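Residue numbering for the sequence shown follows numbering that gives the first Met the number 0, beginning at 0 and increasing consecutively. A virtual CB, placed ideally from N, CA and C, is assigned to each residue, including glycine. In this text, all values refer to a predicted model and were calculated from it rather than measured experimentally. Written out below as structure tokens is the structure these notes cover.
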Amino acid sequence: MVVAGGLLAGLAVLPACGTMRLGETADPIVTGSIKPQPVALRVAVGDAPEGISAGDWMQAKLALEQALASPDKAASIPWDNPGTGARGTATPIGATGADGCRDFRIGLVNTAGEQWVQGTACKDSRGAVNLSQVRLLGRA
0 MVVAGGLLAG
10 LAVLPACGTM
20 RLGETADPIV
30 TGSIKPQPVA
40 LRVAVGDAPE
50 GISAGDWMQA
60 KLALEQALAS
70 PDKAASIPWD
80 NPGTGARGTA
90 TPIGATGADG
100 CRDFRIGLVN
110 TAGEQWVQGT
120 ACKDSRGAVN
130 LSQVRLLGRA
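So this is what it looks like as structure tokens:
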């Protein structure tokens, strides 16, 4: 019994694999990981209609980019802004024209109620989307 107790006491002071000794600093080298790379989000160019916050409009434009890029021609992409509580959907309407333009509608629900925004999204030669004829249709 004394031998077993001494053996357990001896094992208790041995460090386990991967543990640090008292006063030892962590190894600054990280192995087996990939260095994070910055990512640029492509966002449609176009100012927010009057009465819609810049943050809400940014989230809506990100959803619109996804909807326009979707192989599903009837895509309707939901979006939300946790900071303001606003949410909605971005939906392309009709087919893309020969000029690379497609109409869209964005729904927005916030504390003021429900609003609809309509406009046209056109891709340029670099693939960037420019929004034009953006107008607030009204509140539901």
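Query: Rounded to the nearest angstrom, what separates residue 84 and residue 110 at their Cα positions?; Result: 8 Å
Query: Distance check for residue 73 and residue 132, CA to CA, integer angstroms please.; Result: 21 Å
Query: So if DSSP puts residue 115 in a beta bridge, which residue, or which two residues, is it bridged to?; Result: 106 and 137
Query: Can you pull the DSSP bridge partners for residue 78?; Result: 87
Query: Using the Cβ count rule (16 or more neighbours within 10 Å means buried), how would you classify residue 91?; Result: buried
Query: Taking the continuous alpha helix (DSSP H) assigned at residue 94, which residues delimit it?; Result: No alpha helix (DSSP H) contains residue 94, which DSSP labels as neither H nor E.
Query: For residue 47, I'd like the list of residues in its chain whose CB is within less than 6 Å of its CB, leaving aside the five on either flank, ordered along the chain.; Result: 53 and 56
Query: Excluding the five sequence neighbours on either side, which residues of its own chain have a C-beta within less than 6 Å of the C-beta of residue 77, listed in chain order?; Result: 88
Query: Leaving out the 5 sequence neighbours to the left and right, which residues in its chain are closer than 7 Å to residue 38 when beta-carbon positions are compared?; Result: Annotation note: pLDDT 48 at residue 38 (below 50); position unreliable, coordinate value reported separately. Cβ within range, chain order: n/a, list empty.
Query: Can you tell me which of 135, 98 and 105 puts its alpha carbon nearest to the alpha carbon of residue 140?; Result: The shown model of the chain, from 0 to 139, leaves out residue 140, and the question about it has no answer.
Query: With distances taken Cα to Cα, identify the nearest neighbour of residue 94 among 121, 134, 79 and 50.; Result: 121
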